[in-house]
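Asker: Take this structure first; my questions come after.
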């Protein structure tokens, strides 16, 4: 992947940028004794790039056209200084905010906070791909055009409904720890939630938005954060109108080794992918009805067969394998040899093996070519490598040329070392001790029970193989919400992948759905 390395965790993505260290090894001084070991010279403090303690705000004025109407707005690229309970500055959080030009009732405009996942990803994907006023032009699943990459007016921007704030996690983007505060103070489920809570409250404080309607919008691991953050903010007196979760994973416990649940949740995504690539003997005339049929099978005969383990009868094994083959396009023999349990990597390699192609993880509509067509798993993910370059280049150019924000810091699409150092323990509301892996669905459930007006919108890509939609449905359907709150939850599905917005038609439909959600959440 060139200078990019893909870090894969269960259900989430993180793009790590391998950049040179800030402290470079110096040449030995003239006259140094031969044969002695060269030692790297330490940069003076004045030469070291550091995040500012003093908050910055670079503003500029622009206009975006949405549905034929021009909307003027102020863009602010800047930093928020996070402080501990004693007032000590601990981190500088980079953000870009878009605020529509004022007028009567401006204080009542909603404000929405966006962030990606990782853990440790910057917000560049949502920022440059979804609802901001400027986007990178893409046409997934077709490969990206070569540089120069095109960005321009986003007719599907959400700025007509809400002001927008894109936040970078500490250690990612231009966000950094300050002083002697170690990055690990922020690199964990609960630590990260606490940092974002301070960032959100700092923004609404300095911009006088405490009484504005407020929304959270997280993607991928950002949905894990959102579920916990909704409760954390509410516990601190920040009431929310709605939370939107795109390509979600709320409970990591279901992915622990030794459990069969993950195979159940992937089956409908396998079926959608097989249908898309014309690998089914009986192609479905109605994809929605077909996927519901697969859900029913996964919740019934399939999960029952998995639960029997080695005690399953040969007749039941044959019957379940035959049905799975009809749904996934994989051979009965392959499914039986896999004991009905098909790992994602194996599915991605096996589905189009006869064509010497593999399917993408983030978007299974993408295909890739491996050198070794007989291998066990794909050599790379086309749905990642074909979009990372355009987004990274466009963000750099946009921040510098359009917004006028410059710094000596390196912009990290994903912060180096964050994913590997992540502390996955989480203490849910009311728990006596922390669990070893996060289940923040419990936090979101508590937030919705305490605030019965809080609305939840789950947005899903049918071809997302990183966070399959059936797994999201399972997590939300196990939040144990009271029947009176079920109407506060809605789902939407789009013919796209993990980053739904890469499909222009899907983005347009998602914008229409989200706009209606905002109207309903403010009633």
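In our numbering, the protein residues as written are 1 to 523.
Here a beta-carbon is modelled for each residue, glycine too, at the ideal position from N, C-alpha and C.
Since the model is a prediction, treat every value here as computed from it, not as a measurement.
Find out if the Cβ-Cβ distance for the pair residue 226, residue 204 is shorter than 9 Å.
Answerer: Taking the first residue of the chain shown as position 1, residue 226 is located at position 226. Taking the first residue of the chain shown as position 1, residue 204 is located at position 204. Taking 9 Å as the Cβ cut-off, residue 226 and residue 204 do not qualify as a contacting pair.
Asker: DSSP three-state call for residue 455: helix, strand or coil?
Answerer: Here residue 455 corresponds to residue number 455 of the chain shown, with the count starting at 1. Note: residue 455 maps to strand in three-state DSSP.
Asker: Counting only the same chain and skipping the five closest in sequence on each side, list residues whose C-beta sits under 8 Å from that of residue 127.
Answerer: The residue you call residue 127 lines up with position 127 of the chain shown. 96, 114, 166 and 395, listed in sequence order.
Asker: May I have the straight-line CA-CA distance separating residue 2 from residue 385, to the nearest angstrom?
Answerer: Within the chain shown, the letter at position 2 stands for residue 2. Within the chain shown, the letter at position 385 stands for residue 385. Here the model assigns residue 2 a pLDDT of 37, short of 50, so the residue's position is not dependable, and the following value carries that caveat. Distance between the alpha carbons of residue 2 and residue 385 is about 10 Å.
Asker: With residue 342 as the anchor, note down where its beta strand (DSSP E) starts and where it stops.
Answerer: Taking the first residue of the chain shown as 1, we reach residue 342 at position 342. Careful: residue 342 lies outside any beta strand (DSSP E) and carries neither H nor E.
Asker: With a threshold of 8 Å on Cβ separation, who are the neighbours of residue 517 within its own chain once the five nearest residues in sequence on each side are excluded?
Answerer: Residue numbering aside, residue 517 sits at position 517 when the chain shown is read from its first letter. Taken in chain order, the residues that qualify are 242, 244, 455, 457 and 490.
Asker: Across which residues does DSSP place residue 188 in a beta bridge pair?
Answerer: Stepping through the chain shown from its first residue, residue 188 is reached at position 188. BP columns for residue 188 point to 423.
Asker: Have a look at residue 109 and residue 251 and give me their C-alpha separation to the nearest angstrom.
Answerer: In the chain shown, residue 109 corresponds to position 109, counting from 1. In the chain shown, residue 251 corresponds to position 251, counting from 1. One C-alpha to the other measures close to 33 Å.
Asker: Quick one: grab the DSSP three-state call for residue 519.
Answerer: Reading the chain shown from its first residue, position 519 is the one you call residue 519. It is helical.
Asker: Residue 358 and residue 342: beta carbons closer than 9 Å?
Answerer: Here residue 358 is taken as the residue at index 358 of the chain shown, counted from 1. Here residue 342 is taken as the residue at index 342 of the chain shown, counted from 1. Result no, Cβ atoms of residue 358 and residue 342 do not sit closer than 9 Å.
Asker: Please classify residue 530 as buried or exposed, where buried requires at least 16 other C-beta atoms within 10 Å of its C-beta.
Answerer: An answer regarding residue 530 cannot be provided, because it is not within the stretch 1 to 523 covered by the chain.
Asker: Rank 49, 171 and 255 by C-alpha distance to the C-alpha of residue 472 and give the top, closest one.
Answerer: For the purposes of this step, residue 472 is taken as residue 472 along the chain shown, with counting starting at 1. Of 49, 171 and 255, the residue nearest in Cα terms is 255.
Asker: Out of 405, 189 and 160, point me to the one whose CA is closest to residue 58's CA.
Answerer: Walking along the chain shown from the start, residue 58 turns up at place 58. That would be 405, whose Cα lies nearest to the Cα of residue 58.
Asker: Compute the minimum distance between the beta carbon of residue 493 and the heavy atoms of the ligand MG, and state whether it is under 8 Å.
Answerer: Although the ligand MG was asked about, the structure shown includes no ligands whatsoever.
Asker: Going by the CB atoms, is the gap between residue 135 and residue 117 shorter than 9 Å?
Answerer: The residue you call residue 117 lines up with position 117 of the chain shown. The residue you call residue 135 lines up with position 135 of the chain shown. Contact flag unset, no.
Asker: So, at 7 Å on beta carbons, what are the nonlocal neighbours of residue 52 in its own chain, with the 5 sequence-adjacent residues on each side left out?
Answerer: The residue you call residue 52 lines up with position 52 of the chain shown. Correct list, in chain order: 79 and 92.
Asker: Can the beta-carbon of residue 524 be found closer than 9 Å to that of residue 261?
Answerer: A question about residue 524 goes unanswered here, because the residues of the chain that appear run from 1 up to 523.
Asker: Secondary structure at residue 370, three-state DSSP: helix, strand or coil?
Answerer: Taking the chain shown and counting its residues from 1, one reaches residue 370 at position 370. Looking at residue 370 - three-state DSSP - the assignment turns out to be coil, as it is neither helix nor strand.
Asker: Secondary structure at residue 434, three-state DSSP: helix, strand or coil?
Answerer: Numbered from its first residue, the chain shown carries residue 434 at position 434. Coil.
Asker: Going by DSSP, what residue range makes up the beta strand (DSSP E) through residue 219?
Answerer: Within the chain shown, residue 219 is the residue found at index 219, counting from 1. Here the beta strand (DSSP E) through residue 219 covers 214-220.
Asker: List the DSSP bridge partners of residue 82.
Answerer: If you number the chain shown from 1, residue 82 lands on position 82. Partner(s): 91.
Asker: Straight-line CA distance for residue 480 to residue 445?
Answerer: Here residue 480 is taken as the residue at index 480 of the chain shown, counted from 1. Here residue 445 is taken as the residue at index 445 of the chain shown, counted from 1. The alpha-carbon atoms of residue 480 and residue 445 are separated by roughly 7 Å.
Asker: Hey, residue 336 and residue 317 are a contact pair by Cβ (cut 8 Å); roughly how many whole angstroms apart?
Answerer: As a position in the chain shown, residue 336 is number 336, starting the count at 1. As a position in the chain shown, residue 317 is number 317, starting the count at 1. At roughly 6 Å, the Cβ-Cβ gap stays under 8 Å, so residue 336 and residue 317 are in contact.
Asker: Looking at residue 461: is its Cβ nearer than 9 Å to the Cβ of residue 522?
Answerer: Along the chain shown, one-based indexing puts residue 461 at 461. Along the chain shown, one-based indexing puts residue 522 at 522. It is not a contact, given that the beta carbons lie outside the stated cut-off.
Asker: Run the CB neighbour count on residue 408, radius 10 Å, all protein chains shown included, and call it buried at 16 or more, exposed below.
Answerer: As a working mapping, residue 408 is identified with position 408 in the chain shown. Per the 10 Å Cβ criterion, exposed.
Asker: Sort out for me which residues DSSP pairs residue 501 with in a bridge.
Answerer: Indexing the chain shown from 1 puts residue 501 at position 501. In the DSSP output, where bridge partners are listed per residue, residue 501 has none listed.
Asker: List the whole-angstrom C-beta distance separating residue 497 from residue 377, where the pair is believed to meet the contact cut-off of C-beta under 8 Å.
Answerer: In the chain shown, residue 497 corresponds to position 497, counting from 1. In the chain shown, residue 377 corresponds to position 377, counting from 1. So it is not a contact: roughly 19 Å between Cβ atoms.
Asker: Taking residue 476 as part of the alpha helix (DSSP H), name the residues at either end of that continuous run.
Answerer: As a working note, residue 476 is residue 476 in the chain shown. Here the alpha helix (DSSP H) through residue 476 covers 469-477.
Asker: Would you please verify whether the beta carbon of residue 518 is less than 9 Å from any beta carbon of chain D?
Answerer: Of the protein chains in the structure, only one exists, and it is not chain D.
Asker: Rounded to a whole number of angstroms, what is the C-alpha to C-alpha distance between residue 459 and residue 216?
Answerer: In the chain shown, counting from the first residue as 1, residue 459 sits at position 459. In the chain shown, counting from the first residue as 1, residue 216 sits at position 216. C-alpha separation (whole angstroms): 13 Å.
Asker: Look up residue 447 in the DSSP assignment and give the residues it is bridged to.
Answerer: Here residue 447 refers to the residue found at position 447 of the chain shown. Note: residue 447 sits in no beta bridge, so no partner.
Asker: So is residue 416 buried or exposed if we call it buried at 16+ other beta carbons inside 10 Å?
Answerer: Counted from its first residue, the chain shown places residue 416 at position 416. Its Cβ being crowded by 16 or more others within 10 Å, residue 416 is buried.
Asker: Could you compute how far the alpha carbon of residue 124 sits from the alpha carbon of residue 222?
Answerer: For this step, residue 124 is matched to residue 124 along the chain shown. For this step, residue 222 is matched to residue 222 along the chain shown. Going from the Cα of residue 124 to the Cα of residue 222 covers about 13 Å.
Asker: Given 8 Å as the limit, is there contact between the region 264-276 and the region 296-305, that is, 3 or more CB pairs closer than that?
Answerer: Taking 8 Å as the limit for Cβ pairs, the verdict is that the region 296-305 does touch the region 264-276.
Asker: By DSSP, does residue 134 sit in helix, in strand, or in coil?
Answerer: Within the chain shown, the letter at position 134 stands for residue 134. Correct three-state label for residue 134: strand.
Asker: So, with DSSP's three-state summary, where would you put residue 314?
Answerer: Walking along the chain shown from the start, residue 314 turns up at place 314. If DSSP states are grouped into helix, strand and coil, residue 314 belongs with the helices.
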